[in-house]
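2 protein chains.
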Amino acid sequence: MRSFALSVLREPPFTGAQHDDTEAVARESEDWAQRLGLINNGQRLRRADAAGLASRACPQAPRDRLRLLSDLISWLFVMDDACDEDGLGSDPTRLAPTVAALLDVLDRHGEPGAAPACGPLGPALADLCRRVRVYRRPAVLLRFTAAMREYLLALLWEAANREHDRVPPVHEYVQMRRHTGGVFPSLTLTDLALDGFPPAERRADPQWAALDLLAANLICWCNDVFSYRKEHRTGPDAHNLVTVLSAETGDETAGMRAAAARFNHELGTYLTTESDLLAQHGEAVRPALATRRNWIRATYDWSLAAERYA
Amino acid sequence: MRSFALSVLREPPFTGAQHDDTEAVARESEDWAQRLGLINNGQRLRRADAAGLASRACPQAPRDRLRLLSDLISWLFVMDDACDEDGLGSDPTRLAPTVAALLDVLDRHGEPGAAPACGPLGPALADLCRRVRVYRRPAVLLRFTAAMREYLLALLWEAANREHDRVPPVHEYVQMRRHTGGVFPSLTLTDLALDGFPPAERRADPQWAALDLLAANLICWCNDVFSYRKEHRTGPDAHNLVTVLSAETGDETAGMRAAAARFNHELGTYLTTESDLLAQHGEAVRPALATRRNWIRATYDWSLAAERYA
Numbered sequence: 077m078r079s080f081a082l083s084v085l086r087e088p089p090f091t092g093a094q095h096d097d098t099e100a101v102a103r104e105s106e107d108w109a110q111r112l113g114l115i116n117n118g119q120r121l122r123r124a125d126a127a128g129l130a131s132r133a134c135p136q137a138p139r140d141r142l143r144l145l146s147d148l149i150s151w152l153f154v155m156d157d158a159c160d161e162d163g164l165g166s167d168p169t170r171l172a173p174t175v176a177a178l179l180d181v182l183d184r185h186g187e188p189g190a191a192p193a194c195g196p197l198g199p200a201l202a203d204l205c206r207r208v209r210v211y212r213r214p215a216v217l218l219r220f221t222a223a224m225r226e227y228l229l230a231l232l233w234e235a236a237n238r239e240h241d242r243v244p245p246v247h248e249y250v251q252m253r254r255h256t257g258g259v260f261p262s263l264t265l266t267d268l269a270l271d272g273f274p275p276a277e278r279r280a281d282p283q284w285a286a287l288d289l290l291a292a293n294l295i296c297w298c299n300d301v302f303s304y305r306k307e308h309r310t311g312p313d314a315h316n317l318v319t320v321l322s323a324e325t326g327d328e329t330a331g332m333r334a335a336a337a338r339f340n341h342e343l344g345t346y347l348t349t350e351s352d353l354l355a356q357h358g359e360a361v362r363p364a365l366a367t368r369r370n371w372i373r374a375t376y377d378w379s380l381a382a383e384r385y386a
Numbered sequence: 077m078r079s080f081a082l083s084v085l086r087e088p089p090f091t092g093a094q095h096d097d098t099e100a101v102a103r104e105s106e107d108w109a110q111r112l113g114l115i116n117n118g119q120r121l122r123r124a125d126a127a128g129l130a131s132r133a134c135p136q137a138p139r140d141r142l143r144l145l146s147d148l149i150s151w152l153f154v155m156d157d158a159c160d161e162d163g164l165g166s167d168p169t170r171l172a173p174t175v176a177a178l179l180d181v182l183d184r185h186g187e188p189g190a191a192p193a194c195g196p197l198g199p200a201l202a203d204l205c206r207r208v209r210v211y212r213r214p215a216v217l218l219r220f221t222a223a224m225r226e227y228l229l230a231l232l233w234e235a236a237n238r239e240h241d242r243v244p245p246v247h248e249y250v251q252m253r254r255h256t257g258g259v260f261p262s263l264t265l266t267d268l269a270l271d272g273f274p275p276a277e278r279r280a281d282p283q284w285a286a287l288d289l290l291a292a293n294l295i296c297w298c299n300d301v302f303s304y305r306k307e308h309r310t311g312p313d314a315h316n317l318v319t320v321l322s323a324e325t326g327d328e329t330a331g332m333r334a335a336a337a338r339f340n341h342e343l344g345t346y347l348t349t350e351s352d353l354l355a356q357h358g359e360a361v362r363p364a365l366a367t368r369r370n371w372i373r374a375t376y377d378w379s380l381a382a383e384r385y386a
């Protein structure tokens with residue numbers, strides 16, 4: 077899908093950059109995942125390139141905060157693999173105990189507690205929460221745990237669809253994809269890394285809320301278009317924008333074009349919304365806007381790079 | 077279960093009271109539900125007595141804020157009925173479009189938008205969000221929408237269990253019940269009503285987080301013990317503390333006693349945690365503690381009263 081994606085997706089007009097410490101952080105994240113038992117060998121995680129994505133999302137962050145984001149993305153990749161691979165993600169009643177145990181971990185907000193009964197994912201998530209807690213930004217910690225809760229609960233939706241071989245309607249998919257994609261916890265830790273976390277009064281501003289949804293859509297859809305063929309090779313995944321649009325139009329080529337058209341249109345809306353916010357709030361919102369720009373550009377560049385190894 | 081519940085549950089040692097405007101608010105909430113098409117006639121909602129629960133939860137609140145809570149509880153009762161009755165709640169793939177449409181409503185944070193495709197529940201939820209927005213407390217609004225999102229997503233877990241006739245393990249049930257019970261959105265609007273909303277730095281405090289979980293457990297479990305027989309008459313519901321404990325012990329009487337013992341033990345822990353918080357933070361936390369005390373006592377008294385009509 078690389079050449080197709082390249083030919084149809086509008087390139088996000090934001091500067092792309094990568095953190096100087098990418099390689100070192102990649103090694104550290106891999107060590108972390110191995111030490112906590114998330115992976116047996118690093119090969120697969122290396123190919124997924126969590127650090128590459130994180131380092132594009134916050135090219136100027138302090139090293140420890142970049143590392144935290146890179147570890148979160150690694151964790152999300154491992155969770156994704158666990159769902160894809162041993163059938164956990166296609167049986168909501170098998171997935172539920174793991175989800176509940178991970179929700180227990182989130183309820184501790186990074187404080188020590190009894191070991192959760194869900195294998196290495198639990199202690200690793202507890203470690204992430206503990207490290208978010210260290211920055212003493214309670215609003216960031218609460219936002220992070222809330223976003224992770226929504227991500228975990230939304231996985232049950234995916235599992236029910238897989239169990240029923242159900243392709244969700246486009247409108248439903250668009251809403252749920254924002255949660256299953258793990259975008260909001262990732263944006264939260266990037267806001268932390270770049271000191272761009274918007275205060276509550278801004279986040280409840282209708283324009284701000286709209287911008288966050290637009291950014292999340294762009295990140296998820298870009299990923300969907302780039303990864304479609306790859307996912308398709310191992311059996312079509314219902315949870316891809318191309319799939320749900322193809323099901324609605326009855327035609328894969330039309331679905332692919334419709335997905336690209338949605339991305340391009342959403343990018344236009346994003347740029348307008350961003351200008352309006354800047355005009356209204358001025359420099360105060362720049363760090364938070366940078367987080368979102370970085371993520372949109374990062375997903376695009378990382379998807380291109382990841383394709384090389386696909 | 078009334079006499080059993082009365083004989084085994086420790087009475088919450090908090091003063092119970094009811095708002096002077098209960099009856100008027102009950103009529104207004106019923107009118108609201110009827111005007112928005114949530115109900116055809118008020119009889120059933122009247123029996124459920126949303127206003128009675130709300131007015132016990134905030135006996136000293138300004139009338140408009142009590143009304144907002146009463147309308148939210150009415151909305152939750154109607155959603156609950158919709159799930160119970162026409163099979164929506166026992167088929168995750170049928171429930172998912174409604175959940176997604178309601179999540180769309182929450183994403184607007186009370187701003188006007190296109191009519192959601194989920195019947196009267198959508199516009200009614202939009203109305204609730206709009207009215208929370210009016211108080212210009214963005215942190216409260218964000219907390220409310222986040223708590224509602226978790227509630228809605230957790231309904232998909234219930235639906236998957238019902239579809240599979242699955243009784244969840246106790247540990248999983250305890251975690252998920254806090255979300256499916258709609259406790260957190262209700263606490264949030266009660267904090268708003270009593271001006272007790274704790275700031276982020278307090279809510280991420282480990283003791284505070286613990287208190288919130290304890291309060292939510294007490295509210296849910298009290299409701300479970302009182303309603304067990306009633307639910308049991310129309311076929312056992314897997315989503316009741318007595319059911320999950322009975323399944324684990326293999327014995328209904330043991331399950332009932334174990335549920336009561338859990339409640340009583342949790343109440344003791346709650347009282348200790350509350351004292352510690354008061355000693356540490358002083359008068360500043362009193363309004364937020366009152367919200368939680370009120371809710372625990374309100375659930376107990378309301379369950380007793382509701383039983384009279386059961």
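So the sequences go chain by chain: A and B.
First residue of the first sequence: 77, per the working numbering; consecutive thereafter.
First residue of the second sequence: 77, per the working numbering; consecutive thereafter.
Glycine residues also receive a C-beta, built at the ideal position from the N, C-alpha and C atoms.
Here's the rule: buried if 16 or more other CB atoms are within 10 angstroms of the residue's CB, otherwise exposed. What is residue i?
i, result
"aspartate 96 of chain A", "exposed"
"alanine 37 of chain A", "This structure gives no information on residue 37 of chain A, because the portion of chain A shown stretches from 77 to 386."
"asparagine 390 of chain B", "Coverage of chain B is limited to positions 77 through 386, which leaves residue 390 of chain B absent and any answer about it impossible."
"asparagine 237 of chain B", "buried"
"alanine 190 of chain B", "exposed"
"serine 351 of chain A", "exposed"
"tyrosine 385 of chain B", "Bear in mind that the predicted position of tyrosine 385 of chain B carries a pLDDT of just 48, short of 50, making it unreliable; the figure below should be weighed with that in mind. So tyrosine 385 of chain B ends up on the exposed side."
"asparagine 316 of chain B", "buried"
"histidine 255 of chain B", "buried"
"arginine 123 of chain B", "exposed"
"arginine 213 of chain B", "buried"
"threonine 348 of chain B", "exposed"
If the cut is a Cβ gap below 9 Å, which residues of chain B does residue i touch?
i, result
"histidine 247 of chain A", "Pro173, Ala176, Ala177, Asp180, Ala193"
"glutamate 237 of chain A", "First, the residue type needs correcting, since residue 237 of chain A is asparagine and not glutamate in the sequence shown. What asparagine 237 of chain A touches in chain B: Pro168, Thr169, Ala172."
"tryptophan 233 of chain A", "Pro168, Ala172, Val175, Ala176, Leu229, Leu232"
Determine the DSSP secondary structure at residue i, reduced to helix, strand or coil.
i, result
"proline 199 of chain A", "helix"
"asparagine 237 of chain A", "helix"
"asparagine 340 of chain A", "helix"
"phenylalanine 153 of chain B", "helix"
"valine 175 of chain B", "helix"
"phenylalanine 220 of chain B", "helix"
"glutamate 189 of chain B", "At residue 189 of chain B the sequence reads glycine, which differs from the glutamate that was named. It is coil, neither helix nor strand."
"cysteine 159 of chain B", "helix"
"alanine 382 of chain A", "helix"
"tyrosine 346 of chain B", "helix"
"arginine 279 of chain B", "helix"
"glycine 272 of chain B", "coil"
"asparagine 370 of chain B", "helix"
"glutamate 87 of chain A", "coil"
"alanine 215 of chain A", "helix"
"aspartate 180 of chain A", "helix"
"alanine 285 of chain A", "helix"
"arginine 194 of chain A", "The question names arginine, but residue 194 of chain A is cysteine in the sequence shown. In this structure, cysteine 194 of chain A counts as coil in the three-state DSSP scheme."
"aspartate 300 of chain B", "helix"
"histidine 315 of chain B", "coil"
"leucine 353 of chain A", "helix"
"arginine 242 of chain A", "coil"
"glycine 257 of chain A", "coil"
"aspartate 377 of chain A", "helix"
Using a C-beta to C-beta distance shorter than 7 Å, which residues of chain B count as neighbours of residue i?
i, result
"glutamine 94 of chain A", "Residues of chain B passing the Cβ test: none, with the nearest at roughly 32 Å."
"glutamine 251 of chain A", "Ala176, Leu179, Asp180"
"alanine 126 of chain A", "Per Cβ cutoff of 7 Å: no residues; alanine 126 of chain A is ~25 Å from chain B at best."
"alanine 276 of chain A", "Pro214, Ala215, Leu218"
"glutamate 187 of chain A", "Pro282"
"glutamate 226 of chain A", "Arg225, Glu226, Leu229"
"alanine 289 of chain A", "The sequence as given places leucine at residue 289 of chain A; alanine does not occur at that position. Neighbours of leucine 289 of chain A on chain B, chain order: Asp183."
I'd like to confirm something about residue i: is its beta-carbon nearer than 7 Å to some heavy atom of the ligand SAM, or not?
i, result
"alanine 215 of chain A", "Ligands in the displayed structure: none, and consequently the ligand SAM is not present."
Taking Cβ-Cβ distances shorter than 9 Å, what residues in chain A pair up with residue i?
i, result
"proline 244 of chain B", "Thr169, Ala172, Pro173, Ala176"
For a contact defined as C-beta to C-beta under 8 Å, what are the partners of residue i on chain B?
i, result
"arginine 279 of chain A", "Pro214, Leu218"
Can you list the residues of chain A that residue i reaches, using a CB-CB cut of under 8 Å?
i, result
"histidine 341 of chain B", "Ordered by position in chain A, no residue passes the 8 Å Cβ test against histidine 341 of chain B, which lies about 17 Å from the chain."
Complete alpha helix (DSSP H) runs within the region 91 to 149 of chain A (minimum length 4 residues, chain order): 98 to 111, 119 to 124, 126 to 133
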